[in-house]
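Residues 1 to 169 (UniProt numbering) make up the sequence shown, in order.
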Amino acid sequence: MWSSPTNDLALAGQTKRMKCIFSGYPTPNVTWTRLDRELPARIEYPQKGIHVDVSDQGVYECKGKNARGEERVVVRLTVESTPYWKDGRGPEEVNTSEDENATITCHAEGIPKPDVQFFINGESLKNLPDSPKRIFDAEKSQLTFLSVSSLDTRVAIKQKTSESLNVIY
């Protein structure tokens, strides 16, 4: 018997194949079930490939059975997603007059939750000296400029979920 890794990872929106191959005589009948809930009809045969959705995360069992017995393998599928804009709201353009406050919010979601970083003129906010003119609220993913001036322009937002998934705005 051969199977996909027993702990497997998929990216939402991509196609994923889960396989198990049994040998024997007579040829074993192979079936898939989902152990944590009912297997949706659209993924009755995961070995053919499924278009992965976040709801597909779970525990699957592949069983090979013939007249001489049966063998099973359990596959735990973890689903992650690239960062996306919550409620479809992308980066906001903030226009304000000098000496007014300007707040930029990053409404990013993803699995795992994105680590949001702000950059000013290409320099990470983490590497810049503290300024009484800037307030960063990490919990709300908000950056506020107090009493703005023309020097406070060109802000970019970077979302990061892992070393392999980076989206820059």
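All residues carry an ideal CB built from backbone N, CA and C; glycine is no exception.
Take Y25 as the anchor and find which of L143, E70, A10 has the nearest alpha-carbon.
Counting from 1 along the sequence shown, the entry for residue 25 is found at position 25. Of the listed residues, the one whose Cα sits closest to Y25 is E70.
From the DSSP output, read off the bridge partner residues of H51.
Residue numbering aside, residue 51 sits at position 51 when the sequence shown is read from its first letter. Paired residue(s): T15.
Please name the residue, chosen from N7, S97, F118, that lies closest to D137 on a Cα-to-Cα basis.
Translated into positions along the sequence shown, residue 137 becomes position 137. The residue among N7, S97, F118 with its C-alpha nearest the C-alpha of D137 is F118.
Looking at the structure shown, is S164 part of a helix, part of a strand, or coil, going by DSSP?
Reading the sequence shown from its first residue, position 164 is the one you call residue 164. Unreliable placement is indicated for S164, whose pLDDT of 44 sits below 50; the coordinate value is still reported in the next sentence. If DSSP states are grouped into helix, strand and coil, S164 belongs with coil.
Per DSSP, cross-strand counterpart(s) of S4:
Taking the sequence shown and counting its residues from 1, one reaches residue 4 at position 4. According to DSSP, which records beta bridges pairwise, S4 is partnered with nothing at all.
Please identify the residue among A12, H51, P91, D56 whose C-alpha is closest to the C-alpha of T33.
Within the sequence shown, residue 33 is the residue found at index 33, counting from 1. For T33, the closest alpha carbon among the candidates A12, H51, P91, D56 is that of D56.
For R68, which three-state DSSP category applies?
Residue 68 sits at position 68 when you count from the first residue of the sequence shown. Three-state result, R68: coil.
Measuring alpha carbon to alpha carbon, tell me which residue in T103, F22, P114 is nearest residue 179.
Coverage of the chain is limited to positions 1 through 169, which leaves residue 179 absent and any answer about it impossible.
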